[in-house]
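The sequence shown begins at 20 in this note's numbering and counts up one residue at a time.
Below: the structure, in structure tokens.
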Amino acid sequence: MINDVRCKSKRDHSLQNQHAEILIQQNSRLVHAAQEMVGNAPSTTAS
20 MINDVRCKSK RDHSLQNQHA EILIQQNSRL VHAAQEMVGN APSTTAS
């Protein structure tokens, strides 16, 4: 039974790692979008 718990926790941990990688990818996309918006903001207000 202890072995089962250990295996389950390992599997859950790997799933959490995959989820974290997905979140990091989404965050980097959001950062890119935010930077583009900030970069475009001065030009739109100037015109």
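From the three backbone atoms N, C-alpha and C, an ideal C-beta is built for every residue, glycine too.
### Query
Alpha carbon to alpha carbon, how far is L34 from V57?
Taking the sequence shown and counting its residues from 1, the one referred to as residue 34 is at position 15. Taking the sequence shown and counting its residues from 1, the one referred to as residue 57 is at position 38. So the two alpha carbons sit approximately 34 Å from each other.
### Query
Just the Cα atoms here: how many angstroms apart are K27 and N59?
What you label residue 27 is simply residue 8 of the sequence shown in a count that begins at 1. What you label residue 59 is simply residue 40 of the sequence shown in a count that begins at 1. Roughly 48 Å separates the two Cα atoms.
### Query
How many Å lie between K29 and N36 at the Cα?
Here residue 29 corresponds to residue number 10 of the sequence shown, with the count starting at 1. Here residue 36 corresponds to residue number 17 of the sequence shown, with the count starting at 1. Distance between the alpha carbons of K29 and N36 is about 11 Å.
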